[in-house]
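Just below is one structure, and these are the notes that go with it.
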Amino acid sequence: MRLLIAGGGTGGHLFPGIAVAEEFLSRKKGNEVLFVGTWRGIEARVLPKLGYRLECITAAGIRGKGSVARAKGLAKFLYGYAQSRKILKEFKPDLVLGVGGYASAPALLAARGMHIPRFIHEQNAIPGFTNKMLATVAERVFISLEESRKFFPEERTLLTGNPLRRQILEQVALAPQEERTDDAFHLLVFGGSAGAHRINLIMGEVLPHLEDVKERLRITHQTGENDLEDVTSAYEEQGVAADVVAFIDSMADAYRWADLVVCRAGATTIAEITACGKPCIFIPYPHAVDDHQRRNAEALLKRGAGFVIIEQELSGEVLAKTIRDLMADPARLKSVGEAAQGLARLDAAQVIVDEMMTSKRKEK
């Protein structure tokens, strides 16, 4: 069978698609996957390194823009639609999955016009404009969080969770980390593949408030390229043991050793945090479309599965107090981590592939 996965732009859209691709390819020798994205998205950098085929089309957003920009966006959409039809005719997929992002709309609508079974996956609590529109033409809508169900047709919507890459699932399957002989407290700080500038800055303000516990702290901080030198200097000046890196190659290893995580609240991050059962202080990105990161984080907060500090209330003192309180309360850390793990859906990719294949068989 052949599966075409359309979308990307950010890791939050792309990585669930990769997880589904891994599962689909594992089902039967001879299965094929083709990704459709744009040259501007993260997929153009990531997929070739992983050995996946990628076709890039022209696509752009039109929401919330002026009339000239909307006209240009529409022209790009029509061109991307024509490109998508050509790709579909050449690849001849049995199934098409949209994972969100600009490229998913022209590809899914082209698939509809060619009567190819099509599906979408929504990662966030608040769906984006593209997926809300594509839900009207999708045979199945897969959702990660119960909160997004109300935005989609009930009879065609299935709660699956957010598909996770195999490296994360393999980490979950490992035995619990060995007992430590010291009193070190391992803090993991990150902000997505490009880092998070506000989180990078605030950690420099946090450190003076943790002076009396800094000997216990062991921090891994992923900054992205731009803030690497400044953040490294901040830790050195405060005398805090920290491994500061632009990128983390193996998030699975980073999660394994973390006692507490500080990060944004993107859908893929939340899926990984819950799968690994880690207590986390979420600092949602305030400019996300429809404020979906805050909604994602609040979905965990109300279930006792995480902590949330919104950026408008964020300060070095506030974040330091939260970290300090949790360092002193291992029982609370444990209970929040267990609550997070209780929300994990480790079989999301399997369920999605099963549903798509079942739909294809019914069609026959």
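Mapping of the sequence shown onto UniProt numbering: position 321 corresponds to residue 321, and the numbering continues sequentially without gaps.
Note that beta-carbon positions come from the ideal geometry of N, C-alpha and C, so glycine has one too.
**Item:** glycine 100 versus Leu228, Leu314, Ile5, Arg70, residue with shortest Cα-Cα distance
**Value:** Ile5
**Prompt:** Looking at C-alpha atoms only, which residue of Ala135, Phe282, Gly304 is the closest neighbour of glutamine 341?
**Reply:** Gly304
**Prompt:** In this structure, does DSSP put glutamate 225 in helix, strand or coil?
**Reply:** coil
**Request:** Figure out for me which residue from Val231, Glu22, Val46 has the closest Cα to the Cα of threonine 10.
**Result:** Val46
**Prompt:** How should threonine 136 be labelled, buried or exposed, when 16 other C-beta atoms within 10 angstroms of its C-beta is the threshold for buried?
**Reply:** exposed
**Local conformation of arginine 345 per DSSP, three classes** = coil
**Message:** Quick check on DSSP: helix, strand or coil for threonine 130?
**Reply:** helix
**Request:** Evaluate glutamate 122 with the Cβ neighbour count: other Cβ atoms within 10 Å of its Cβ, from every protein chain shown; 16 or more gives buried, anything less gives exposed.
**Result:** buried
**Item:** Local Cβ density within 10 Å of threonine 358, reported as buried at 16 or more and exposed below that
**Value:** exposed
**Prompt:** So what does DSSP say about glutamate 32, is it helix, strand or coil?
**Reply:** strand
**Prompt:** What is the DSSP secondary structure of aspartate 243, counted as helix, strand or coil?
**Reply:** strand
**Message:** Which complete beta strand (DSSP E) runs does the segment 246–276 hold, if anything under 3 residues is left out?
**Reply:** 260–263
**Prompt:** Going by C-alpha distance, which of Arg198, Ser104, Phe91, Phe24 is nearest phenylalanine 43?
**Reply:** According to the sequence as given, residue 43 is glutamate; it is not phenylalanine. Checking every option, the nearest Cα to that of glutamate 43 belongs to Ser104.
**Prompt:** Roughly how many whole angstroms lie between the Cα atoms of threonine 268 and aspartate 253?
**Reply:** 16 angstroms
**Message:** Using the three-state DSSP reduction, which class does alanine 59 fall into: helix, strand or coil?
**Reply:** coil
**Request:** For the alpha helix (DSSP H) holding glutamate 122, just list the boundary residues, first then last.
**Result:** Run containing glutamate 122: none in the alpha helix (DSSP H); it sits in the beta strand (DSSP E), 118–122.
**Prompt:** Rounded to a whole number of angstroms, what is the C-alpha to C-alpha distance between leucine 34 and valine 189?
**Reply:** 34 angstroms
**Request:** Could you pull the start and end residues of the alpha helix (DSSP H) that arginine 27 belongs to?
**Result:** 11–27
**Request:** Assign aspartate 227 to buried or exposed, taking buried as 16 or more other Cβ atoms, counted over all protein chains shown, within 10 Å of its Cβ.
**Result:** buried
**Request:** Can you give me the Cβ contacts of alanine 138 inside the same chain, cut-off strictly under 6 angstroms, excluding the 5 residues immediately before and after it?
**Result:** Arg118, Phe119, Ile120
**Item:** Any non-hydrogen atom of the ligand FAD within 7 angstroms of aspartate 259 CB
**Value:** For the structure depicted, the ligand FAD is absent and the ligand set is empty, with no information on it obtainable.
**Message:** I'd like the list of long-range same chain contacts for proline 127, defined as Cβ closer than 6 angstroms, with 5 residues on each side in sequence excluded.
**Reply:** Ser148, Phe151
**Item:** Pair within 8 angstroms by beta-carbon distance, phenylalanine 223 and valine 244
**Value:** According to the sequence displayed, residue 223 carries threonine and not phenylalanine. Yes, they are a contact pair.
**Asked** Straight-line CA distance for lysine 89 to lysine 362?
**Response** 22 angstroms
**Item:** leucine 159 vs glutamate 146 beta-carbon contact at 8 angstroms
**Value:** yes
**Asked** How many whole angstroms separate the CB atoms of glycine 37 and cysteine 56, which I take to be in contact at a CB cut-off of 8 angstroms?
**Response** 6 angstroms
**Message:** When you compare the segment 191–208 with the segment 307–318, are there three or more beta-carbon pairs, one atom per stretch, that lie closer than 8 angstroms?
**Reply:** yes
**Three-state secondary structure assigned by DSSP to histidine 186** = strand
**Message:** By the three-class DSSP mapping on this structure, what secondary structure does valine 96 have?
**Reply:** strand
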